[in-house]
Each structure stands twice: as structure tokens, then as C-alpha cells.
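Residue numbers (our numbering): 342 to 717.
Note that CB positions come from ideal geometry on N, CA and C, so glycine has one too.
Single-structure report; data block below.
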């Protein structure tokens, strides 16, 4: 089968930019370079498109400055949208109308309505879609899935995820749009959903939940290119998010994500508790998809299979955490999405699944605002 021709909207000449690191790099590396061919780039102007093409080794006649032009290219089978959230819909629409496969970074749209419109059009056009909620496809998460599915942990009783980061104190000026409530990008839509998606993928969706959000830092100062900070501006960002609820399986869930100063080190700890054992993900950073992390398994001392001995055994103490080996994928998350796309792996998040996550976002905000227990 011929490689899938890819055109990336948002790719630049900057080798440190996300589209370069997250998309171009894995696409150019083995084994993805045998399944995909990076053939086109789209930016906001002819000048930046040309620079991006030169930097990425793309033919200059494939450097486009309009989403329609890249969608019309007969060599482009898949259009990738890797730009700020407010522009996702307008840049994805031409590709969908041209019946091209489309990969959009998360969030899919600026709010639920845009996401539903994009999903409906994709279904009507019969095109294949993907969304950049990549953590569920990480080798560590897939390893955890195999352990859980084997029954080795027994019935899953509950799960707890706690994460914190000082990134809010160091946002670059280019990310100041996160402080605009109309942008669709904030700490609920992005880090919270990136953290929750693998939880819900492994353990099942929420049955119902209560959420609390707070703005614990009333002012923000963004970092300029020279390292200096802007004057303080009023923060509109909910920087503390707490969710407690029940999953459809009956397991309980407790989730806390908080912003901190540099006086508190970042952390990520996710524990899955079963009757026969537990799993634990740990990282010094909030995004396991973008950071080194470990997976450990706890097995009680003197483990026995007999159900009647289960609770006696567990209450007796002992046992230890042991690190679980998993294949360290070369892709860093997004590459796994491309791999899943090429292989037809249905575990990949598509537009329909992304709509479900957008509904969860709205339910979180409703619960936090009205003090209600929510479903979605």
C-alpha cells in the first residue's frame, strides 16, 4: 500500500515548535516513514509557508497559505490541524469537504457545538478522523490495559489521580490566549481532559460526578521571549479542578489537578486500585504523554487465588511496589496516533469520541458553577 500523504497546517521552520516535534519528527522516523509521507505544509502566509517547507524538506510547490489549497492537493490524503483551538474548525472544514482524512489536535473545536458540527460533517463525508488525545495509546497505558483485562487486579474498586504543575506561572506570551474564556483552551479542556481520557479509556466512563473549580491565582504574568515577564493581568483561568464521582463499572474516582508556584514541584500520580492488586503511574510532570514516567504494580505478600482468602490476605499487610517493564515507544504519544490510524486501531480517539469528551467538559463546568451532580 502506498504511503499516506500528509499535509500539516501549523508546521513551521521552528525546530522546537510543537508541530515539528509532535508531528513532523515521528512522521519522518521509522517505522512511520514507511506508512506516511509528509508532502505539504500550510501556514498563514506565503512567506512562512515557504520557510516551513524549506526547513522540513518539503517541495516549495507544496507550501500553502490557505486551508483550501492544501485540501485540494491531490497528493494529500490526510490533513493535520496543529494550531490554536479557535482556528480548528475553519481549517478542518475544507479538508472534510474535500473528503480527506483529518487529524485535529485536542480540543477538536472551540466548544461542543463546533465539535458536533465537525463530527457530523466527517460522518456525512465518510472520512476517517483522529484527534490528539494520545495518552491512551502510550505503551505504558496499553500495558496497564493488558494487566487489567487479564483479571490480575480483580475487580477495580477505585482510582485516584493527583497532578500539579507550575506551568501557569511560566506561560509564554504566545499562550496568553488561554486567559481568554472565548478561546476554548483552558486548564479544564486541555490538561484535565488529557489526564482523564486514559482513565476513562481503561476503566470506563463516568456514571455521575461532582466538580469543583477555583481560580487560586487571581493575577497572571506571561513570559516574554527575552525571559522578562509582562505586567500582571487578571486571571480568568480555573487553575484548580477537583472531580469526585462514580464510574459506570461502579468504581469510584477522585481527580485533582492544581496549579502551583515553583516552590512546589510538579507531580503526576495515578493509582488504580483492584481487589487483588494495584497499578501506579508516576511522573515529575503533569503530562505523562510528554514526560518520562513509570508504571508500577503492587501485589500483596503471599498472593493466593482463592477468593475466600482474599480479604484476609489483603488486611495482613506486606507486599511491595514493583516497576512494570513496558516498551518505550519512540513516538512520544502523537506518533502512536498515526500508528493507530495506519493500522485501523479503533482505540484511537476519533471525532465522535472527541464529542464525548467535549460533553464531559461542559458537564464539569456546569457542576462547578451550579453545584450539581452531572452526567454527560
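If only uninterrupted beta strand (DSSP E) runs of at least 3 residues are considered, those enclosed by the stretch 459 to 543 are 470 to 472 and 497 to 506.
By the beta-carbon neighbour count (other beta carbons within 10 angstroms, threshold 16), residue 401 is exposed.
Within the DSSP bridge table, the entry for residue 622 names 611 and 636 as partners. CA-CA distance, residue 709 to residue 404, rounds to 45 Å. In the three-state reduction of the DSSP assignment, residue 377 falls in the strand class.
Closest in alpha carbon position to residue 589, among 431, 706, 540 and 667, is 540. Of the candidates 664, 593 and 597, 664 places its Cα closest to the Cα of residue 623.
In terms of Cβ geometry, residue 408 and residue 375 do not form a close pair [threshold 8 Å].
Bridge partners of residue 405 according to DSSP: 383. With contacts defined as CB atoms closer than 8 Å, residue 659 and residue 627 fail to qualify as a contacting pair. Inclusion of residue 553 and residue 583 in the CB contact set at 8 Å is warranted, their separation being smaller than that value. The stretch 678 to 685 makes no contact with the stretch 504 to 522; the number of CB pairs closer than 8 Å stays below 3. Only residues of its own chain outside the window of five on either side were considered, and among them 472 and 474 have a CB closer than 6 Å to the CB of residue 690, listed in chain order. According to the DSSP assignment, residue 348 belongs to the beta strand (DSSP E) that extends over 345 to 350.
Between residue 354 and residue 396, the beta carbon gap of about 4 Å places them in contact (Cβ cut-off 8 Å). In the DSSP assignment, residue 678 falls within the alpha helix (DSSP H) that extends over 675 to 684.
Excluding the 5 residues flanking it on each side, residue 528 has same chain C-beta neighbours closer than 8 Å at 509, 519, 578, 579, 580, 582, 598 and 600, in chain order. Around residue 699, the same chain offers 453 and 456 as residues with beta carbons nearer than 6 Å, after the five sequence neighbours per side are excluded. Apart from sequence neighbours up to five positions away, no residue of its chain approaches residue 631 with a beta-carbon distance below 6 Å. Rounded to the nearest angstrom, the gap between the Cα atoms of residue 565 and residue 605 is 23 Å.
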